[in-house]
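A short worksheet on the structure shown next.
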Amino acid sequence: MGDMLLSIRDLEFSYGAVQALRGVNLDVSRGSITCLMGRNGVGKTTLVGAIMGLLKSSAGIINFDGQIVTNWPAFKRARSGIGLVPQGRRIFPKLTVSENLIVGMQAAGGRTKAIPDSVVEMFPIIKTMSGRLGGDLSGGQQQQLAIARALVGMPKILLLDEPTEGIQPNIITQIGHVLRKLVQEHNMTVLLVEQYVDFVREYGDHFYIMNRGRIVANGNTDQLHAGVIQEHLSV
Ligand SMILES: Nc1ncnc2c1ncn2[C@@H]1O[C@H](COP(=O)(O)OP(=O)(O)O)[C@@H](O)[C@H]1O
Ligand SMILES: [Mg+2]
119 MGDMLLSIRD
129 LEFSYGAVQA
139 LRGVNLDVSR
149 GSITCLMGRN
159 GVGKTTLVGA
169 IMGLLKSSAG
179 IINFDGQIVT
189 NWPAFKRARS
199 GIGLVPQGRR
209 IFPKLTVSEN
219 LIVGMQAAGG
229 RTKAIPDSVV
239 EMFPIIKTMS
249 GRLGGDLSGG
259 QQQQLAIARA
269 LVGMPKILLL
279 DEPTEGIQPN
289 IITQIGHVLR
299 KLVQEHNMTV
309 LLVEQYVDFV
319 REYGDHFYIM
329 NRGRIVANGN
339 TDQLHAGVIQ
349 EHLSV
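In terms of our numbering, the sequence shown is numbered consecutively and its last residue is 353.
And the structure:
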């Protein structure tokens, strides 16, 4: 298990009477881009929330970087190196680009005092548009800012919940290149929630597919064949 940065065992979560996670098992190896796929409403965002500690699982174990974090509050998980790019980006619209990034640094416990050069290099807009209000950015720019906001906390794992949703193709490609660069040059590990199969094939190493709160398939992304897609992903 030494090469697993994140291991989830038998995880359960319910929203009242609605059980959203049913015995989920998932591993993310260090230095990989592991993709979580599945149709709308199957539990992907719930699983991400449970990993981040925004939702409290009712049973199961989450092991992150050699520690059992299952009962840790979200801020402690953030400080231990879990970074989140939430679904829908959740940029603070009334804060400037710089202020959005400061929130990201503080959320991770203020380990970084200044925006690392490597993050500016990946997303030049955080410098060129630093005084702009978050709410005035385009969808693609907001997604870049959301990723940068997570990165300034210097996470060990980056959780991204549907980062390509509603984003124009050239920005999608840029996001893919950034994820690859983070893994290859900056020791990052990525758990990517993604419904766009071509993006998973292009950038992902491993995939897991969820259906109704369970993991129903997993493997290397080169095994993501038409049959699997037809059964679990096509609408
Ligand atoms: N806040 C909530 N309260 C009640 N049910 C919820 C809530 N959020 C999500 N759900 C339900 O939990 C299930 C999983 O949702 P979600 O994790 O958002 O799925 P996905 O991200 O795969 O689209 C769905 O049936 C959804 O309706
Ligand atoms: Mg979701």
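Where a beta carbon is used, it is the ideal one built from N, C-alpha and C, also for glycine.
Predicted model only: the values in this text are computed from it and were never measured.
Judged by DSSP in its simplified three-state form, H350 adopts helix. Spanning the alpha carbons of P234 and T307 requires a straight line of approximately 18 Å. Restricting attention to alpha helix (DSSP H) runs no shorter than 4 residues, the segment 234-287 encloses them at 235-240, 243-246 and 257-269, ordered along the chain. Secondary-structure assignment with DSSP links Q185 through a beta bridge to F182.
When C-alpha distances from D254 are compared across I200, T339, P211 and G206, the shortest belongs to P211.
Between V221 and R267, the CB-CB gap stays under 8 Å. Excluding five sequence positions before and after V187, the CB atoms of its chain that fall closer than 6 Å to its own CB belong to I180 and R195, given in chain order. The criterion of a C-beta distance shorter than 8 Å is satisfied by L129 and A168.
Placement of the Cβ of A268 at a distance of 7 Å or more from every heavy atom of ligand 1 is found. Rounded to whole angstroms, the separation of the alpha carbons of V301 and G184 is 20 Å. Using a Cβ distance threshold of 8 Å, N329 and G178 do not count as a contacting pair. Each residue's CA atom was taken as its position, placing G271 and R298 some 19 Å apart. Counted as a single uninterrupted DSSP element, the beta strand (DSSP E) harbouring L310 occupies residues T307 to V311. Assigned with DSSP and collapsed to three states, D121 falls in coil, not helix or strand.
Boundaries for I209: no alpha helix (DSSP H) harbours it, and the DSSP string shows neither H nor E there. When the beta-carbon positions are compared, P281 and Q261 come within less than 8 Å of each other.
Not a single heavy atom of ligand 2 lies less than 7 Å from the C-beta of Q224.
T163 has its CB nearer than 7 Å to a heavy atom of ligand 2. If you ignore the 5 residues before and after F131, its C-beta comes within less than 7 Å of the C-beta of A138, L139, T164, A168, L173, S175 and S176, all in its own chain and listed in chain order.
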